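A.B. asks:
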Amino acid sequence: MKANKKTIIIVFLALLDCLFGGVVIYDYSKDIQHEEVKPIRTSGNYEFIEDVFEASINTPEIIKEQKEAEIVYDGMTMKQLGEKINRSLHSTISGKGPLIASYSLEKGVDPYVATGIILVETGCEWNCSNLVKKCNNVGGQKGSGCGSYAYYSTLDTGIKKFIDNLAKNYYAKGLNTPEKMNKKYATSKTWSTKVNNYVKKIKSK
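What the sequence shown shows, in the numbering used here, is residues 10 to 214, in sequence order.
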């Protein structure tokens, strides 16, 4: 069971009293469930007691734990979202859910839509295409290095470049749904339907 924050403060102050020999008198007459315990007078090293205590409860480890517990999308933490996306990714791109989730949100892109497009373009729900395996290209992006398609040195770079493309050339221009993207992204008129079908699958897993 987690200790009450006020109780932790009292114990912490008592420990400092033993360590530093400061003299401090506290007003315990107030209900510590509702009001802070304030020192009536202090001496020794207690002048900066609040700063010391705040530093002790805001260590990198605690801040990391708090960040990991934050709800970031669709009622999920970043870890949960990454794991959810992972359940639809196989073959070469297996395990890249956390990267897709975090980088999509960083760039203002819907992570479900980004993943849906990847699955349509690569077949990575089962076995990734050669464009992914040989060129690290997850979005069917045009360029050079792989015939008429872009080549990326690593799969992580390819994923980020794909999401950058969505953010810059689609979302920034108001093309933020598969239906709005369809005409620009693909020649097939059923492309958006396929992407949306994948989005539904991803959400259901």
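Ideal placement from N, C-alpha and C gives every residue a C-beta, glycine not left out. No experiment lies behind these values; they were computed from the predicted model shown.
With H, G and I counted as helix, E and B as strand and the rest as coil, what does DSSP make of Val81?
C.D. replies: Reduced to three states, the DSSP call for Val81 is strand.
A.B. asks: In angstroms with no decimal places, state the Cα-to-Cα distance between Ser103 and Val118.
C.D. replies: 20 Å
A.B. asks: Taking the CB atoms as reference points, tell me whether Val208 and Tyr121 lie closer together than 7 Å.
C.D. replies: Yes.
A.B. asks: Tell me which same chain residues have a C-beta within less than 7 Å of the C-beta of Lys116, skipping the five on either side of it?
C.D. replies: Ile172, Asp173 and Ala176
A.B. asks: Considering only the alpha carbon of each residue, which of Asn95, His99, Thr101 and Ser100 lies closest to Pro107?
C.D. replies: Asn95
A.B. asks: Nearest-angstrom Cα distance between Ser157 and Asn146?
C.D. replies: 12 Å
A.B. asks: Going along the chain, which residues of its own chain have a beta-carbon closer than 6 Å to the beta-carbon of Thr131, five neighbours each way excluded?
C.D. replies: Cys137, Ser138, Val141 and Val147
A.B. asks: Less than 7 Å between the C-beta atoms of Thr124 and Ile211, yes or no?
C.D. replies: yes
A.B. asks: Confirm, please, whether the CB-CB distance from Ala78 to Gly91 is below 7 Å.
C.D. replies: no
A.B. asks: If you follow the alpha helix (DSSP H) that Gln89 is part of, which residue opens it and which one closes it?
C.D. replies: Met87 to Asn95
A.B. asks: Can you give the Cα-Cα distance for Ser97 and Val129, rounded to whole angstroms?
C.D. replies: 12 Å
A.B. asks: Could you check how far apart the C-beta atoms of Asn191 and Trp200 are, in whole angstroms? I think they sit under 8 Å.
C.D. replies: Between Asn191 and Trp200 a beta carbon distance of about 5 Å is seen, short of the 8 Å cut, so the two are scored as contacting.
A.B. asks: Roughly how many whole angstroms lie between the Cα atoms of Thr86 and Ile80?
C.D. replies: 4 Å
A.B. asks: Does DSSP put Ala176 in a helix, in a strand, or in coil?
C.D. replies: helix
A.B. asks: Locate the alpha helix (DSSP H) running through Lys203, then write down its first and last residues.
C.D. replies: Trp200 to Ser213
A.B. asks: In its own chain, which residues sit with a C-beta less than 8 Å from the C-beta of Asp165, not counting the 5 before and 5 after it?
C.D. replies: Lys105 and Leu108
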